[in-house]
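Numbering that gives the first Met the number 0 puts the first residue of the sequence shown at 0, with every later residue one more than the last.
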Amino acid sequence: MKSKDTLQLTSYSKPFSKTDSKERFPRRSFSSALAFTAILFAMLSGCSKDSSLDNSDAQTANTAAADSTSEAVEPIVVYSSRNEHLIAPVFDLFTQQTGINIEYATDKAGVLIERIKAEGQNTPADVLITVDAGTLGFAANQGIFQPLNSELVNQQVATYLRDDNDYWTGLSLRARTIVYSSERVQPDQLSSYSALGEPQWQGKLCLRTSKKVYNQSLVAMLIAEQGEAAAEAVVASWVGNLAIDPLSNDTKVMEAIIAGQCDVGIVNTYYFGRLQSKTPDLPLALFWPNQTEGEQSGVHVNVAGAGILKHSKNAAQAKRLIEWLVSDAAQALFAGVNQEYPVNDQVAVDSQVASWGEFKQSSLPLSQAYVLQPAAVKLMDRAAYK
Ligand code: FE
C-alpha cells in the first residue's frame, strides 16, 4: 500500500457502504470523489476485488486481480476515461503476467485531468488513459505528462499515432468512417467525406453534434489535409445536407438511418460493431472513404492512448505497463475488447472487425488534432454546425 495515497485521499476516507455511498454521492458530479473513496477503500481493505462499487453509471474504482503476492512492487495507479469493462480484462492479464497490481479510477477525461492538476505533486496516479488525440494533446498541454522515452513504444507504434513531443502514445486505433443504409444506398454512390456535401445527399445526411471531440478531431484533420477554407466549405455543405439536427451520439446516427430519417452518416466503427453484435442483420454497412489511388489522405483514424504522469512516483512500472500495452501480447486484447484496431499493425484484428474489410488510413500526425482543434471549433461554428 502507498501511504502517500492514504494521506492524499484523507478527505474521502470516511467508511461507507455501497448503500450510503449512493446516498452521499448521488450525482455524476460527485463521481470523482466516489471513485477516489473507492480506491482508498480498496487499499484499506487489502485490495480486495470485492470492494468495487455500484458501477451502474460507469463511474467506478476498483483493483484488478488484487490477490498478488508481489509485495515488493508498488501497484500502478491508472486514471482512465476508458470504461471499466474495457480496461479491467487487460489489467487482469497484465497482473497475471507480471504479478504487478493495478489500481484504477474511471471518470470523464476532463474530470480526471482537472483532478491530476489539483492533486499536483501528491497525485497517487501514475498513468492517464484516455481517448482521442485531441484530448491527449490537451492533457499534454496542461503539463501533466512526462516524456515516455521508450524505444519499445517507438518501435511498436507508428510515429503519426504518437505525440510529437513524446508525451503520449496511441494504444488502440479507431476509424471514423461513413455508415450508410444498405437498403437505400449503393456503395458506389459514396467516395469521400467531402462528397457527403454533394447535392445527392440533400436531406439525407445525419451527423453527431460538433461538440463531440471526435468530430472536432475529424474537422481538424480536414483542415490539415485541405486547408481551412476548403475544410469550411466541406463542413458547410454537410450542414446544408442535414436531414435532422445533429444527434448526441454515434449510435443515434445509426438508429436514425435505420428508422429512415437519413441515409448516410459518420461514425466510429466500434459503435457500428456494438450494434452489429446485437443485431447481426443490421440494414447498415460501413464505407471506407478517401481510398482513391494516389490520394494523400485515407480514412480518418484516432486513438485511445496513454501518458505517464509528471508526478508519478512509480514511473518505471508505469512505463513497463505502457510498453506491455503496445506489445503483441496485449494489443489484440486491448483493441479487441472495444472492436478497435491494434496500433501495432503486425497484430491480427478481431474477426468481426476484419469482416468490415481493409482500408488505407490517413497518416497525418495525430498531434495535429489538438493543434488544429481551436480552428476546427471556430470553423464549425461559422458553418452553423451545431
Ligand atoms: Fe467512443
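C-beta atoms are modelled at their ideal positions from N, C-alpha and C, and glycine is treated no differently.
Query: Is the distance from the Cβ of D249 to the Cβ of V266 below 8 Å?; Result: yes
Query: Taking all protein chains shown into account, do 16 or more other C-beta atoms lie within 10 angstroms of the C-beta of A382, making it buried, or fewer, making it exposed?; Result: buried
Query: On the three-state DSSP scale, how would you describe S216?; Result: helix
Query: Run the proximity test for V130: is its beta-carbon closer than 7 Å to any non-hydrogen atom belonging to ligand 1?; Result: yes
Query: Checking the sheet assignment: what are the DSSP bridge partners for Q360?; Result: V298
Query: Where does A124 sit, in a helix, a strand or coil, going by DSSP?; Result: coil
Query: Thinking C-beta only, is K359 closer than 8 Å to Q290?; Result: yes
Query: Taking the alpha carbon of L189 as the reference point, which residue from L160, P341, W287, R273 has its own alpha carbon closest?; Result: W287
Query: Would you mind working out which of A305, Q154, K203, I307 sits nearest M253, comparing C-alpha positions?; Result: K203
Query: Mind checking D327: buried by the 16 CB within 10 Å criterion, or exposed?; Result: exposed
Query: Can you tell me the Cα-Cα spacing of I99 and S209, whole angstroms?; Result: 41 Å
Query: Once the 5 residues before and after V218 are set aside, which same chain residues still bring their CB inside 7 Å of it?; Result: A230, V234, A375, L378, M379
Query: DSSP has L246 in a bridge; who is on the other side?; Result: R207
Query: Taking the C-alpha atoms as reference points, what is the distance between W237 and A228?; Result: 14 Å
Query: Expressed to the nearest angstrom, what Euclidean distance is found between the alpha-carbon atoms of Y192 and Q330?; Result: 29 Å
Query: Please report the distance separating the alpha-carbon of I75 from that of I101.; Result: 5 Å
Query: When you compare only the Cα positions, how much space is there between F137 and Y369?; Result: 7 Å
Query: Just curious, the beta strand (DSSP E) that T158 is in, first and last residue?; Result: That residue, T158, is in no beta strand (DSSP E); it is neither H nor E in DSSP.
Query: Are the CB atoms of R173 and E292 within a distance shorter than 8 Å?; Result: no
Query: In this structure, what does DSSP give as the bridge partners for Q145?; Result: I307
Query: Counting only the same chain and skipping the five closest in sequence on each side, list residues whose C-beta sits under 7 Å from that of F333.; Result: V89, L170, S171, L324
Query: Can you check whether the CB of Y166 is closer than 8 Å to the CB of G306?; Result: yes
Query: Which value, in whole angstroms, describes the spacing of the CA atoms of A32 and T94?; Result: Reliability of the predicted coordinates at A32 is poor, the pLDDT of 37 falling under 50, and the value obtained from them is presented with this limitation in mind. C-alpha separation (whole angstroms): 26 Å.
Query: How long is the line joining the alpha carbons of D262 and A314, rounded to whole angstroms?; Result: 49 Å
Query: Below 8 Å on the Cβ atoms is my guess for K318 versus F144; work out the distance and round it to an integer in Å.; Result: With 8 Å as the limit, K318 and F144 do not qualify as a contact, their Cβ atoms being about 12 Å apart.
Query: Find the nearest neighbour of N153 within the set I115, V342, S362, judged by alpha-carbon distance.; Result: V342
Query: Does ligand 1 have a heavy atom nearer than 7 Å to the CB of N267?; Result: yes
Query: For a test of the three-state rule: what should DSSP assign to N343, helix, strand or coil?; Result: coil
Query: What does the alpha-carbon distance come out to for the pair T278 and I257?; Result: 12 Å
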